[in-house]
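Accompanying notes for the structure given below.
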Amino acid sequence: MAVEITAGAVIKLSQQRQAQWYWKSNPTLRLKNEKEEWIQFSDIESEIIEEALNGNRNIKVIELDDYWIDLNHSIQTSKCDQKQQTPIKHLSHNRIDEKAAEALVDILKSNKTITTLQLTSNQLYDKGAEVLGNALKVNTTLTTLNLRDNGISVNGTDALGDALKANQTLTNLNLAYNRISHEGAEVIANALKVNHTLTTLNLGVNQISDKGAEALADALKFNLTLITLDLHRNLITEKGAQALADGLKANKTLHILNLRYNKISDPGAEILAEALKVNQTLNTIYLKSNTISDKGAHALSDMLKVNQTLTSLHLEDNQIYDKGAQALADTLKSNQTLITLDLHRNQISDKGAEAFGDALIVNQTLNTLHLYMNQISDKAVEALSYKLKVHQASTTVTLRDDEIFAKEAEAFADAFRHDPTITSVHRADDAMLDFGIEALGQALGVRQTPTLPNSTSDRISDIRGDVLADKLQAHEIVTTLNLQHNQISDEGAQAVADTLKVNQTLTTLSLQNNQIYNKGAKTLALALKVNQTLTTLDLENNQISNAGAEALADALEVNQTLTILNLGCNSISEKGADVLADALKVNTFLTSLDLGHNEISDKGAQSIADTLKVNQILTTLILSNNEISDKGAKALAIALKVNQNLTTLDLQNNKISHKVTEAFGDALKVNQTLTTLNLATNEISTKGAEIIGKALKVNQTLITLDLSSNNILDKGVEALSDTLKVNQTLTTLGVWYNGISEKGAEALAEALKVNKTLTTLDLTLNKISDKRVEAIATTLKINKVLTTLGLSSNQISEKGGKALADAIKVNETLTTLDLKCNKISDKGAEVLADALKVNKTLTTLNLIASKIYDKGAEAIADTLKINQTLTTLHLAGNQISDKGAEALADALKINETLTALDLGENQITEKGIGALSDAVKFHQPVTTLCLLQNQISVKEAEVLANTLQVHETLTTLSLEYNQIYDRGAQAIADVLKVNETLTTLTLKDNQIFEKGAEALADALKVNQTLNTLCLWYNEISDKGAEAIADALKVNQTLTALDLSENKIYDKGAQALADALKVNQTLASLNLEFLQISDKGTEAIADALKVNQSLTVLELKWNQISDKGTEAIADALKVNRTLTTLHLEGNQIFDQGAVALANALKVNQTITSLNLANNSMLDYEIEVLADGLKFNHSLTTLHLNGNRISDKGAVALADALKVNGTLTTLYLFWNQISDKGAHAFADALKVNQTLTILNLDGNKISKEEEEALVDVLEARGRNVTLR
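Quick note, this note's numbering runs 411 ahead of the 1-based positions in the sequence shown.
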């Protein structure tokens, strides 16, 4: 609930990246921003190439990469040198479902050139796999098919298996992250006995047990082509390993076998070792995380004495101690083939390290040895480094162990000086202290240096409990721990769990996207029974099944703090859902549960539905992608009749048909709490839409309804349209991708003539052609409430553009019109441009990817010479070249209102950029020029820089998301030394490093006009920050500096703090999302005692605890200029709160204080409330996202009876109930200044909301309740 007494609201529309096409000269470069190899093309060319692909069997080169691709519209391509790259279709991470797969099949059956089809992370399921299987039987060109993460189970695998028996071209098949189980593996195995082309098969993460492994092993005895077999993260034990070993003895082709994250243990390792004594083809085997101990290591070492083909052995994350290490080291003295041996994250100590040191003196072939994250001491590291001086074959030294500090670094540095063959050094952010880095740096200074890479992409495997505990202790008070997207397995989860048992501060823990199975989930569950602080636990995308869910459910019956639990994208079925549901009947704290992308099916949904009838706390329930059909959905609908607290229900991507919508309709007629219902991508159809439409004629609470992608067609939309004529609450309706054409569009148009509440309508991806748009356009001439209309990706051409243009001439409410990805063309652009000469309300027009060339741009340019309301114009992703840019530039010389011009992703080069730059010499109103994501690299940045040397009016230049690098920044910096008009420069996300920052810093020492500089999200480290700090000591004009999301630590913060002691002009400093701890904060606090100009300080989401907060608070007692202080997302608790409260009693200048998301409890709020009783300056206080209950709310309410300055108080997403709300109601009877009170996301009943509203209305205030 939010109570706002405001005159208006500002809505920000987030930037949407559109499809792009590129040409690249080097096909090995996969990233668009890498070495400037990509040249952008437009959507019109993309369509031409796509049409050619589908219709011309002689096309040689086509590529479709996954940059926000829509299968039906805005296809993007990259054109490559046909001598270097074969054709490829890449359609990953889209919404391609079974029906869309049928369209692809038609292409595969007729096209004779496509060799690669990437369909990763779509929604094909079994039916989609079946139609693709049928296509593979006749296709004769496809060699690579990627179906990873598509929900394919046994039935789909049957079809693919049959196809493999007939297909004669496919060489690479990826079925990882599906649900094929041992039955599907058996089908594939049978196909492999017949197939003679497949060389690579990925079946990782598919719940394949020993039975499936046995079938595949049997196939290896017959198959003569398979080279790579990936079975990682399945359920294979020693029994499956035995079968695979037998297969390897007979197989003559397999080179790579991946068994990571299975359970083969020592017996399995021994069996495989025996097989490898016979096998003469396998060169790489992955056995990571398989519970292999010294016994298994001994067996593998014996094998290495005999085997002459194995080159890579991966044994990381096992339980190998010194004895196993010594056995392997001893083998290295005689083995002459092994090149890579990975033993990181085991239990190897000094003896094992010493053995490897001795072995390396003799061995002449091993070039990669990973021993990090073991238990090797300083002394052993020094000894090993000494031996590296003698050993001349090692080319990689890894220094990623968190326990390597000064002495180790010095030892490796010494080895580095003496060994000319060491070519790469890897480190982690916290791997060495300053003196260790210094030692290595000295070594680098005496020889040819390799690249020292940034380590942010280093993957964490498992973390020892003592190391993690040390980390937490070192940070004093940590509230949020984010370990997502690593390689943490059950053992790592155990370490985290051990920490949770003793930790008293952590509130948020994210283990998303790791490799945690049931064992790890069970250890975390045990910790939850003891832990008293954790409120959010994110376990999304792991390998947790029913056993893990049961353990977590058991914990929920005891735990008293957890409010958010995310178990999405695991393997939980109905049994797991059942036990979780039972737990929620007892638990009274959990408010949000995410079970999306699991396998709970109808029975699981029914169990949860039963719980909803009694649970009184859960507000958000996500059950998307769970194979829930009518039976389960009906149970949930019935529960909604009783439940009075659920506000959000997400059931998208299930199998819900129109038959169950009757139950949902009945529920919506009765339910009084649900505000958001998502049924997108189901099987609702026309009939279901009709039923829901009838219910909404009665329902008075639902404000957001998403029925997108449900094939509701025109008739269904007609029913919803009838509802809109009556309904008085719905403000947002999503019906994209529903086959809406003539009648549906006309019905909506008629409804909008009557409806008084709908403000947002999304009709994206339908079949709305020009004729239907004409009906909508007619309505726009009458409708008085619609502000946002989305018509992107339809079939609108110049004719429809003309109808909308006529409407815009009359309409007086529409502020945003989205027509991107249509066929507006130059003629459509011309008529829209003509309408804008008359329209007085439209402020934003989106014509991205609308097939507009220079002629259309010229028409729009003519309009800009007359229009007085348009402030934002999106023309990105078209085919505008320098000629169109020049026309727009001429218009800018006359236009007086346009403030934002988006020309990103066009074909503007040096000439057009020069014209636009020249235009602002004469054009006063244009304050912002956006040229993001054009072809601006170093050369174009230099052109802009040359133009800026003479222009006299441009005040804001935005070049974000380009590739100007340090050289481009240096060119702009040179201009800033002479430029006298530019006041705002935005260079965020441009890959600017220290040299660029230093150049800009030098310019700031001379420049006399620039007041805002944004360097957000670059690669600037402490050294660059120090250079800018030096400039600030001299510069007298810069008032706002944004250095957020760079690589600045305490050292850089200290340098900036020193500058603040001297600088007298900087008013705003943004240092959020950095790595600043208490040390850097204390330096800034000292500066605030002296500084007399800074008014805004952003320190959100750093690592500031009570100690740093106390320093800031002391500074506030002295400082007389700071008005805004943001400390959101740090680690502030009782001591910090007390210090701030005491400061507020003294400070009389601070007006806005943000303490959101700091896990503050009632005690901290009580002391802050006490401070408010004495403070006479604070007007805005953010306390949202904390842990405030009624006790804290009552304290704040009491303070409001006395305080006479606070106007805005944010308390959303806390734990305030009726008692707290009642206290605020009483306070507002007295308080005469508070105008905004946001209590959204608390536990306040409808009755108390109404009581609070009554109080405000009695005071004669306008109230908005959400």
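Backbone N, C-alpha and C define an ideal beta-carbon position, used for all residues, glycine too.
Per DSSP, the continuous alpha helix (DSSP H) segment holding isoleucine 682 begins and ends at 676-689.
Non-local beta-carbon contacts of alanine 1050 in its own chain, meaning distances under 6 Å to residues more than five positions away in sequence, involve Ala1020, Leu1023 and Lys1024 in chain order.
Across the structure, leucine 1622 and threonine 1616 are spaced so that their CA atoms are roughly 17 Å apart. With respect to aspartate 733, serine 704 sits apart: the two C-beta atoms are not nearer than 7 Å.
Within the same chain, Cβ atoms closer than 8 Å to the Cβ of threonine 1170 are found at Thr1142, Thr1143, Val1196, Leu1197, Thr1198 and Thr1199, the five residues on either side in sequence being excluded. The Cβ atoms of leucine 631 and asparagine 662 sit closer than 7 Å to each other. Taking 7 Å as the cut-off, the beta carbon of leucine 640 is found no closer than this to the beta carbon of leucine 603. By the neighbour-count criterion, in which 16 or more other beta carbons inside 10 Å mark a residue as buried, histidine 1537 falls on the buried side. Membership of alanine 1451 in any alpha helix (DSSP H) is not indicated; the residue belongs instead to the beta strand (DSSP E) covering 1451-1453.
The alpha helix (DSSP H) runs lying completely inside the stretch 1000-1034 and spanning 4 residues or more are 1012-1023, given in chain order. Between the C-alpha atoms of serine 1563 and threonine 1591 there is a straight-line separation of about 5 Å. If you check the CB distance, isoleucine 1179 and asparagine 1149 do not come in under 7 Å. A direct Cα-to-Cα measurement between valine 1137 and glycine 1104 gives close to 10 Å. Taking a C-beta distance under 7 Å as the contact criterion, alanine 1106 and lysine 1070 do not qualify as a contact pair. Close CB contacts of valine 1349 within its chain, under the 7 Å cut and outside five residues either way in sequence, are with Ile1375, Tyr1376, Arg1378 and Gly1379 (chain order).
In the DSSP secondary-structure assignment, isoleucine 667 is bridged to Thr639 and Thr695. Counted as a single uninterrupted DSSP element, the stretch harbouring glutamate 1157 is not any beta strand (DSSP E) but the alpha helix (DSSP H) occupying residues 1153-1163. Partner residues in the beta bridge of threonine 1395, as assigned by DSSP, are Thr1367 and Thr1423. Residue state for isoleucine 1049 is assigned as helix, using DSSP reduced to three classes. Looking from the CA of isoleucine 1647, the closest CA among Leu1176, Leu1667 and Ala738 belongs to Leu1667. Short of 6 Å from the beta carbon of glycine 1652, and not among the five residues preceding or following it, lie these beta carbons of its own chain, in chain order: Phe1623 and Trp1624. Annotated three-state conformation of aspartate 728 is coil, per DSSP. Take lysine 1406, set aside five residues on each side of it, and the residues of its chain with a beta-carbon closer than 6 Å to its own are Asp1377, in chain order. Annotated as distal: glycine 987 and alanine 966, with beta-carbon spacing of 7 Å or more. A Cβ-Cβ contact shorter than 7 Å links glutamine 691 with threonine 720.
Under the rule that a run must span 3 or more residues, the beta strand (DSSP E) segments found entirely inside the stretch 932-976 read 947-949. DSSP lists Asn1565 and Tyr1621 as the bridge partner or partners of histidine 1593. Nearest neighbour of threonine 1030 by Cα position, chosen from Ala626, Gln915 and Gln1055, turns out to be Gln1055. The C-beta of valine 1389 has fewer than 16 other C-beta atoms within 10 Å across all chains shown, which makes the residue exposed. The beta carbon of asparagine 1026 sits closer than 6 Å to those of Leu995, all from its chain and outside the five residues before and after it, given in chain order. Between leucine 1555 and asparagine 1586, the beta carbon gap of about 4 Å places them in contact (Cβ cut-off 8 Å). An exposed status is given to phenylalanine 633, since fewer than 16 other beta-carbon atoms sit within 10 Å of its beta-carbon. For histidine 755, no beta strand (DSSP E) encloses it, and the DSSP letter there is neither H nor E. Just so you know, the alpha carbons of asparagine 1401 and aspartate 569 end up roughly 49 Å apart. Secondary structure note for alanine 1580: its alpha helix (DSSP H) is the uninterrupted segment 1573-1583. Cβ-Cβ distances below 6 Å link methionine 1571 to Asn1597 in the same chain, with the five nearest sequence neighbours on each side left out; the list follows chain order.
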